[in-house]
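The opening position of the sequence shown corresponds to residue 41 in our numbering, with each subsequent residue numbered one higher.
Take a look at the structure set out below.
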Amino acid sequence: MTETQDNSLAAVPGFINYPLPKSFETPYKSPPPPANPVVRGLPLHYGASLISSFSFVQTYLWNNAGFNALRGLAQLDHVENRYDPTVTPVGNPDTEASTSQTNVNGIRAPPLDAIGRFYSTSDFHDAFKSGKLTPSAVVEALLPLIRRDVKSPTKHSIAFLDTKVDIVRRAAEAATQRYKDGTPLGILDGVPMAIKDEMDLKGYKRCDGSKLDLTNKLDVTSWCVTKLEEEGAIILGKLNMHEFGMDTTNNNPVHGTPLNPYNEHYYTGGSSGGAGYAVGTGIVPFAIGTDGGGSIRIPASYCGIFGLKPSHGRVSASPSSSVANTTVVYGPLASNMADLEISYRVLATPDPHNPSSAPFAPPRPHAGERKKVLGVYKAWFDRADPPVRAICQKALDHFTNKLGYEIVDITLPMIHEGQMAHAMTILAEVAAAYPDVSGLTAPNKVLITVGAKTPSMDFLLAQKLRNLIMQHLAYLFQKHPGLIIVTPATPNAGWHIKGGKSDLKYGVSDGNMSVRSMEYVWLANFTGVPCISFPIGYVDPIEGKDKIPIGLMGNGEWGSEDALIEFGYDGESWLNSGLEGGRRKPKNWIDVFDLGTNWNGTET
Numbered sequence: 041m042t043e044t045q046d047n048s049l050a051a052v053p054g055f056i057n058y059p060l061p062k063s064f065e066t067p068y069k070s071p072p073p074p075a076n077p078v079v080r081g082l083p084l085h086y087g088a089s090l091i092s093s094f095s096f097v098q099t100y101l102w103n104n105a106g107f108n109a110l111r112g113l114a115q116l117d118h119v120e121n122r123y124d125p126t127v128t129p130v131g132n133p134d135t136e137a138s139t140s141q142t143n144v145n146g147i148r149a150p151p152l153d154a155i156g157r158f159y160s161t162s163d164f165h166d167a168f169k170s171g172k173l174t175p176s177a178v179v180e181a182l183l184p185l186i187r188r189d190v191k192s193p194t195k196h197s198i199a200f201l202d203t204k205v206d207i208v209r210r211a212a213e214a215a216t217q218r219y220k221d222g223t224p225l226g227i228l229d230g231v232p233m234a235i236k237d238e239m240d241l242k243g244y245k246r247c248d249g250s251k252l253d254l255t256n257k258l259d260v261t262s263w264c265v266t267k268l269e270e271e272g273a274i275i276l277g278k279l280n281m282h283e284f285g286m287d288t289t290n291n292n293p294v295h296g297t298p299l300n301p302y303n304e305h306y307y308t309g310g311s312s313g314g315a316g317y318a319v320g321t322g323i324v325p326f327a328i329g330t331d332g333g334g335s336i337r338i339p340a341s342y343c344g345i346f347g348l349k350p351s352h353g354r355v356s357a358s359p360s361s362s363v364a365n366t367t368v369v370y371g372p373l374a375s376n377m378a379d380l381e382i383s384y385r386v387l388a389t390p391d392p393h394n395p396s397s398a399p400f401a402p403p404r405p406h407a408g409e410r411k412k413v414l415g416v417y418k419a420w421f422d423r424a425d426p427p428v429r430a431i432c433q434k435a436l437d438h439f440t441n442k443l444g445y446e447i448v449d450i451t452l453p454m455i456h457e458g459q460m461a462h463a464m465t466i467l468a469e470v471a472a473a474y475p476d477v478s479g480l481t482a483p484n485k486v487l488i489t490v491g492a493k494t495p496s497m498d499f500l501l502a503q504k505l506r507n508l509i510m511q512h513l514a515y516l517f518q519k520h521p522g523l524i525i526v527t528p529a530t531p532n533a534g535w536h537i538k539g540g541k542s543d544l545k546y547g548v549s550d551g552n553m554s555v556r557s558m559e560y561v562w563l564a565n566f567t568g569v570p571c572i573s574f575p576i577g578y579v580d581p582i583e584g585k586d587k588i589p590i591g592l593m594g595n596g597e598w599g600s601e602d603a604l605i606e607f608g609y610d611g612e613s614w615l616n617s618g619l620e621g622g623r624r625k626p627k628n629w630i631d632v633f634d635l636g637t638n639w640n641g642t643e644t
């Protein structure tokens with residue numbers, strides 16, 4: 041490995057805890073084929089109890105997964121550990137943020153004639169102001185679709201874990217009255233949305249997709265969710281998720297598995313799969329998820345929508361009692377870029393009581409000229425499946441030929457070892473928080489007990505590699521101002537449900553596919569940088585007639601969410617303009633406006 045350092049870049053103004061910029065050039069080396077055993081159905085159901093009972097089996101699986109790959113790497117000998125990836129842009133203290141992040145002026149909703157157009161928050165706001173719709177009518181029209189506690193739940197209700205009807209109705213009635221009085225709070229007032237179960241919400245239990253009761257005893261609402269409530273957004277309830285967020289399918293034998301809106305032979309992606317389904321089907325224009333290993337961006341890609349993983353520490357969930365984790369962040373999934381931007385700006389309101397969130401400069405719309413530089417690590421980019429790679433390359437050609445972007449070749453050190461380091465870190469942190477796996481599903485019994493076998497030496501090596509990669513990213517961001525590192529969102533076109541109904545009943549343990557689906561997403565989680573995903577096309581499925589969405593992803597410098605949002609708008613224009621046939625709605629898309637307009641005034 042060749043290491044270079046530019047001492048003039050050692051102190052970067054405007055940031056707290058910025059990594060020391062260093063270049064670590066390492067020759068690219070393809071990883072060995074994954075060799076994790078794939079277990080499904082009854083063998084998994086019964087075998088998981090055996091695995092979680094025998095330490096030697098857990099150790100064998102830990103080594104077999106490749107978690108020992110960091111041992112003996114000379115590149116890590118003189119690198120310090122870095123446990124917290126938070127890098128904070130502090131901005132100009134003399135510049136005040138806007139009093140409202142949801143001012144109705146300047147909203148960049150998709151053109152009305154855009155192909156495959158989804159409804160946006162501005163559409164709801166306009167309809168409420170004109171009296172064509174009311175928040176109460178919309179809520180009453182949606183409740184029969186999403187409620188689990190009715191005699192005949194619909195297939196859509198599986199995306200939701202719980203809906204407190206009285207709470208929802210009160211919020212809708214209050215918003216309806218504000219519109220009647222001509223005093224709406226902003227563009228989000230009365231707009232339906234929902235949140236992943238991993239967040240705290242007053243009046244609701246929290247189980248993180250499991251059988252367990254993990255409810256915050258204080259019965260509080262997470263800070264970022266409170267900010268949405270203050271803007272008048274109507275929270276329809278808690279959304280389904282992969283148990284403990286521990287995989288990328290959203291297969292949930294406990295609460296049921298929402299199927300991909302575009303093709304029911306595929307998963308939604310996870311672990312924010314309920315959010316992906318609710319937004320992808322048009323039930324809500326945006327939802328809030330969490331992302332520890334692509335859990336926002338993978339379902340966004342699989343469900344043909346937009347997702348933003350903010351900088352680590354940017355969005356405050358306090359006083360949430362969710363597991364403290366050095367990879368997890370909270371962020372939005374949305375049907376269009378305008379809603380992604382609006383929801384992000386509300387979520388990212390600095391929390392004065394949270395030491396990670398408080399120092400961040402308040403979010404504000406990106407102003408002025410920006411550098412349009414895309415970085416591509418070709419050896420890594422080309423690991424995507426050919427159909428995915430082909431569509432992503434078409435989009436990149438559009439960015440360079442039509443939108444004025446420049447592409448620069450970059451390298452990233454030890455990316456495959458980095459993915460293992462990220463996986464080892466998140467598994468060890470969850471295993472430390474939940475040592476008792478007796479109440480969990482079979483796949484998580486395996487994952488968490490295997491994660492618990494991580495030796496302290498290997499965990500520390502992973503944090504050395506975290507620092508090394510962060511330093512290299514800092515070098516790239518300083519060398520190429522405005523750099524956005526682009527990759528496919530996932531290298532694969534969705535995740536096919538190979539085992540059918542048996543997989544949905546018992547779960548599946550397929551570490552090979554999990555690693556494959558996280559090929560690109562892990563970088564942002566492990567290093568704390570922000571990352572955006574947006575749809576760019578569709579490919580033929582393995583099973584079924586309906587095509588599968590494909591997403592492109594961009595990683596930016598710490599705190600560069602504003603630039604990534606602009607990149608996302610450019611990406612949205614690709615499908616809105618009709619290229620690649622334009623955007624497609626799934627076959628089971630819900631026309632909420634039609635439902636609300638035809639609501640007969642009878643409560644459900």
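All residues carry an ideal CB built from backbone N, CA and C; glycine is no exception.
Quick caveat, the model's predicted, so the values are computed rather than measured.
Check your understanding: DSSP on Gly316, reduced to helix/strand/coil?
Key -> Here residue 316 refers to the residue found at position 276 of the sequence shown. Helix at Gly316.
Check your understanding: Looking at Pro74 and Met286, is the spacing between their C-beta atoms short of 9 Å?
Key -> One-based indexing of the sequence shown puts residue 286 at position 246. One-based indexing of the sequence shown puts residue 74 at position 34. Taking 9 Å as the cut-off, the Cβ atoms of Met286 and Pro74 do not count as close.
Check your understanding: Hey, would you say Met464 sits closer than 9 Å to Asp425, going by beta carbons?
Key -> For the purposes of this step, residue 464 is taken as the residue at position 424 of the sequence shown. For the purposes of this step, residue 425 is taken as the residue at position 385 of the sequence shown. Their beta carbons are not under 9 Å apart, which means Met464 does not touch Asp425 by this criterion.
Review point. Is it right to say Gly618 is buried, meaning 16 or more other beta carbons lie within 10 angstroms of its own, or is it exposed?
Key: Here the question's residue 618 lines up with position 578 in the sequence shown. Flag for Gly618 reads exposed.
**Study point:** Where Ser542 falls: helix, strand or coil (DSSP)
**Key:** The sequence position of residue 542 within the sequence shown is 502, counting from 1. Three-state DSSP puts Ser542 in a helix.
Review point. Which residues in the same chain as Lys485 place their Cβ atom closer than 6 Å to its Cβ, once the five residues preceding and following it in sequence are excluded?
Key: Here residue 485 is taken as the residue at index 445 of the sequence shown, counted from 1. Answer for Lys485: Ala88, Ser92 and Val477, listed in chain order.
Check your understanding: Do Arg111 and Met510 have their C-beta atoms closer together than 9 Å?
Key -> Residue numbering aside, residue 111 sits at position 71 when the sequence shown is read from its first letter. Residue numbering aside, residue 510 sits at position 470 when the sequence shown is read from its first letter. Contact: no.
Check your understanding: Between which two residues does the alpha helix (DSSP H) harbouring Asn552 extend?
Key -> Stepping through the sequence shown from its first residue, residue 552 is reached at position 512. Looking at the DSSP string, the run of the alpha helix (DSSP H) that includes Asn552 is Gly551 to Ser557.
Practice item. Using the Cα positions of Asp550 and Gly591, report the straight-line distance between them to the nearest angstrom. Key: Sequence index remark: in the sequence shown, residue 550 carries index 510 (1-based). Sequence index remark: in the sequence shown, residue 591 carries index 551 (1-based). So the alpha carbons of these two residues sit roughly 22 Å apart.
Review point. In terms of residue numbering, what span does the beta strand (DSSP E) encompassing Cys571 cover?
Key: For the purposes of this step, residue 571 is identified with residue 531 of the sequence shown, where counting begins at 1. Start and end: Cys571 to Val579.
**Study point:** DSSP state of Thr139 mapped onto helix, strand, coil
**Key:** Reading the sequence shown from its first residue, position 99 is the one you call residue 139. The pLDDT assigned to Thr139 is 41, lower than 50, so where the model puts this residue is not dependable; a value taken from the coordinates is nonetheless given after this. Thr139 falls in the coil class under three-state DSSP.
Review point. With a Cβ-Cβ cutoff of 9 Å, do Val119 and Leu505 count as a contact?
Key: Taking the first residue of the sequence shown as position 1, residue 119 is located at position 79. Taking the first residue of the sequence shown as position 1, residue 505 is located at position 465. Closer than 9 Å, so yes.
Check your understanding: Quick one: is Asp631 buried, meaning 16 or more other Cβ sit within 10 Å of its Cβ, or exposed?
Key -> Residue mapping note: residue 631 aligns to position 591 of the sequence shown, counting from 1. With fewer than 16 Cβ atoms within 10 Å of its Cβ, Asp631 is classed as exposed.
Exercise for review: On the DSSP bridge assignment, give the partners of Met510 in chain order.
Suggested key: For this step, residue 510 is matched to residue 470 along the sequence shown. Looking at the DSSP output, Met510 bridges to nothing.
**Study point:** Run of the beta strand (DSSP E) containing Ser63, from where it starts to where it stops
**Key:** One-based indexing of the sequence shown puts residue 63 at position 23. Per DSSP, Ser63 belongs to the beta strand (DSSP E) from Lys62 to Glu65.
Exercise for review: Starting from Pro372, trace the beta strand (DSSP E) both ways and give me its first and last residue.
Suggested key: One-based indexing of the sequence shown puts residue 372 at position 332. For Pro372, the uninterrupted beta strand (DSSP E) segment begins and ends at Val369 to Ala374.
Check your understanding: Between the Cα of Asn292 and the Cα atoms of Gly334, Asn280, Thr389 and Ile155, which residue gives the shortest distance?
Key -> Counted from its first residue, the sequence shown places residue 292 at position 252. It is Asn280 whose Cα lies nearest to the Cα of Asn292.
Check your understanding: Just to confirm, are His512 and Leu604 a CB contact at a threshold of 9 Å?
Key -> Translated into positions along the sequence shown, residue 512 becomes position 472. Translated into positions along the sequence shown, residue 604 becomes position 564. Their beta carbons are not under 9 Å apart, which means His512 does not touch Leu604 by this criterion.
Review point. Between the region 306-321 and the region 264-271, do at least 3 Cβ pairs fall closer than 8 Å?
Key: no
Practice item. Identify whether Phe439 lies in helix, strand or coil by the three-state DSSP scheme. Key: For the purposes of this step, residue 439 is identified with residue 399 of the sequence shown, where counting begins at 1. Of the three classes helix, strand and coil, the one that applies to Phe439 here is helix, per DSSP.
Exercise for review: Pick helix, strand or coil for Phe633, following the three-state DSSP scheme.
Suggested key: For this step, residue 633 is matched to residue 593 along the sequence shown. Three-state DSSP puts Phe633 in a helix.
Check your understanding: Quick one, are the C-beta atoms of Ser356 and Asn394 less than 9 Å apart?
Key -> Taking the sequence shown and counting its residues from 1, one reaches residue 356 at position 316. Taking the sequence shown and counting its residues from 1, one reaches residue 394 at position 354. Yes, Cβ-Cβ distance for Ser356 and Asn394 is below 9 Å.
Check your understanding: Under three-state DSSP, which class holds Leu387?
Key -> Translated into positions along the sequence shown, residue 387 becomes position 347. Looking at Leu387 - three-state DSSP - the assignment turns out to be helix.
Review point. Whole-angstrom Cβ separation of Ser554 and Gly81, contact assumed at under 8 Å?
Key: Position 514 of the sequence shown holds residue 554. Position 41 of the sequence shown holds residue 81. Rounded, the Cβ-Cβ distance is 18 Å, inconsistent with contact.
Exercise for review: Measuring alpha carbon to alpha carbon, tell me which of Asp610, Arg385 and Asn376 ends up nearest Tyr370.
Suggested key: As a first step, residue 370 is located in the sequence shown; it is residue number 330 there, counting from the start. Tyr370 has its Cα closest to that of Arg385, out of Asp610, Arg385 and Asn376.
Point to revise | Residue(s) in a DSSP beta bridge with Arg80 | key: Position 40 of the sequence shown, counted from the first residue, corresponds to residue 80. Paired residues: Val548.
Exercise for review: For my contact list, Ala315 and Gly329 are in at a C-beta cut-off of 8 Å; report their separation, rounded to the angstrom.
Suggested key: Within the sequence shown, residue 315 is the residue found at index 275, counting from 1. Within the sequence shown, residue 329 is the residue found at index 289, counting from 1. Indeed, because the Cβ distance is near 4 Å, the residues count as touching under 8 Å.
Check your understanding: Can you list, in chain order, the stretches of the beta strand (DSSP E) that have 3 or more residues and sit fully within the region 189-270?
Key -> 200-202 and 232-236
Check your understanding: Nearest-angstrom Cα distance between Gln518 and Pro61?
Key -> Start at 1 with the first residue of the sequence shown, and residue 518 comes out as number 478. Start at 1 with the first residue of the sequence shown, and residue 61 comes out as number 21. Each residue's Cα considered, the two are about 8 Å apart.
Practice item. Would you give the residue range spanned by the beta strand (DSSP E) that Met454 belongs to? Key: In the sequence shown, counting from the first residue as 1, residue 454 sits at position 414. It is not in any beta strand (DSSP E) - Met454 carries neither H nor E in the DSSP assignment.
Review point. For the region 103-182, which segments carrying the alpha helix (DSSP H) assignment without a break, of at least 4 residues, lie completely within its bounds, in sequence order?
Key: 161-170
**Study point:** Contacting residues, own chain, Cβ-Cβ under 6 Å from Leu173 (five flanking each side not counted)
**Key:** Here residue 173 corresponds to residue number 133 of the sequence shown, with the count starting at 1. Correct list, in chain order: Ala167 and Gly636.
Review point. Pick from Glu612, Thr642 and Asn76: whose alpha carbon is nearest that of Gly347?
Key: Within the sequence shown, the letter at position 307 stands for residue 347. With distances taken between Cα atoms, Gly347 lies closest to Glu612.
Exercise for review: Go ahead and pull the three-state DSSP assignment for Lys485.
Suggested key: Mapped onto the sequence shown, residue 485 falls at position 445. In the structure shown, Lys485 sits in a helix (DSSP, three-state: H, G or I).
Review point. Counting Cβ pairs, one atom from each stretch, are 3 or more of them under 8 Å apart for the region 202-221 and the region 169-185?
Key: Yes, the region 202-221 touches the region 169-185.
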